[in-house]
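Student: Dumping the structure here so I can ask a few things about it.
In the working numbering, the protein residues as written are 361 to 496.
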């Protein structure tokens with residue numbers, strides 16, 4: 361059963377958006393490069409709203425657990441912080457070894473760090489549900 365859930369979640373939350381994005385980009389690039397830039401410009405504010413709404417909803421559903429079990433939240437947060445800083449550090453050292461400029465290395469490392477965290481949260485919610493402790 362968990363494998364079916366994982367497969368369905370992967371298709372719904374990774375494959376379909378990827379294919380939709382590729383198709384949209386292909387259609388817009390046939391029009392012009394300016395069409396792609398305009399479309400991205402119109403969507404950018406909505407992506408930020410979606411991210412903030414996701415965080416608000418996630419913490420809203422977990423508010424009782426967070427308030428009732430602060431030690432557990434701390435025990436969950438500590439390894440995540442170590443992991444995030446570790447990924448950033450490894451990526452930044454690798455970027456510097458490749459002689460990437462800071463204005464490229466910094467954002468690239470932040471994106472890499474956040475992608476691991478987002479993937480972990482998405483998998484936890486998909487497998488165990490939004491109200492589970494794993495979603496924290």
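Even glycine gets a Cβ: it sits at the ideal position worked out from N, Cα and C.
Keep in mind the model is a prediction, meaning the values are calculated, not measured.
Please list the terminal residues of the continuous alpha helix (DSSP H) segment that includes residue 394.
Tutor: 393-421
Student: Could you round the C-beta distance between residue 403 and residue 396 to whole angstroms and report it? I think they count as a contact, below 8 Å.
Tutor: No, residue 403 and residue 396 are not in contact; Cβ-Cβ is about 11 Å, not under 8 Å.
Student: Rank 448, 457, 378 and 411 by C-alpha distance to the C-alpha of residue 481 and give the top, closest one.
Tutor: 411
Student: Find the nearest neighbour of residue 452 within the set 379, 469, 417 and 474, judged by alpha-carbon distance.
Tutor: 469
Student: I need the boundaries of the alpha helix (DSSP H) containing residue 452, first residue and last residue.
Tutor: 430-457
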